[in-house]
Amino acid sequence: AGAVCIWKNLALSQDGFAQDGLHFLKKLLND
-2 AGAVCIWKNL ALSQDGFAQD GLHFLKKLLN D
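Just so we're aligned: the sequence shown equals residues -2 to 28 in the numbering used here.
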(Lines of atoms letter the chains of each structure in order from A and count residues from 1; the text may use other names and numbers.)
(Lines give C-alpha, C1' and ligand atoms only; values in the text may rest on other atoms or scores of the structure.)
Protein backbone atom coordinates (compact mmCIF):
# COMPACT_ATOMS: atom_id res chain seq x y z
CA ALA A 1 0.00 0.00 0.00
CA GLY A 2 2.88 2.36 0.78
CA ALA A 3 4.45 1.87 -2.64
CA VAL A 4 1.13 2.55 -4.37
CA CYS A 5 0.73 5.72 -2.30
CA ILE A 6 4.18 6.94 -3.34
CA TRP A 7 3.51 6.04 -6.97
CA LYS A 8 0.22 7.96 -6.91
CA ASN A 9 1.92 11.01 -5.42
CA LEU A 10 4.63 10.85 -8.10
CA ALA A 11 2.04 10.62 -10.87
CA LEU A 12 0.09 13.54 -9.42
CA SER A 13 3.16 15.73 -9.00
CA GLN A 14 4.29 14.93 -12.55
CA ASP A 15 0.84 15.85 -13.84
CA GLY A 16 1.02 19.13 -11.93
CA PHE A 17 4.49 19.76 -13.35
CA ALA A 18 3.19 19.17 -16.88
CA GLN A 19 0.28 21.55 -16.28
CA ASP A 20 2.67 24.23 -15.00
CA GLY A 21 4.85 23.72 -18.06
CA LEU A 22 1.92 24.15 -20.45
CA HIS A 23 0.77 27.24 -18.55
CA PHE A 24 4.28 28.69 -18.78
CA LEU A 25 4.48 28.02 -22.52
CA LYS A 26 1.09 29.64 -23.11
CA LYS A 27 2.28 32.70 -21.18
CA LEU A 28 5.39 32.93 -23.36
CA LEU A 29 3.35 32.64 -26.55
CA ASN A 30 0.83 35.25 -25.41
CA ASP A 31 3.45 37.86 -24.47
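Beta carbons: idealized from backbone N, C-alpha and C, even for Gly. Computed from a predicted model, the values in this text were never measured in an experiment.
Note on geometry: alpha-carbon atoms of D17 and C2 lie some 23 Å from one another.
For D17, the three-state secondary structure derived from DSSP is helix. Annotated three-state conformation of D28 is coil, per DSSP.
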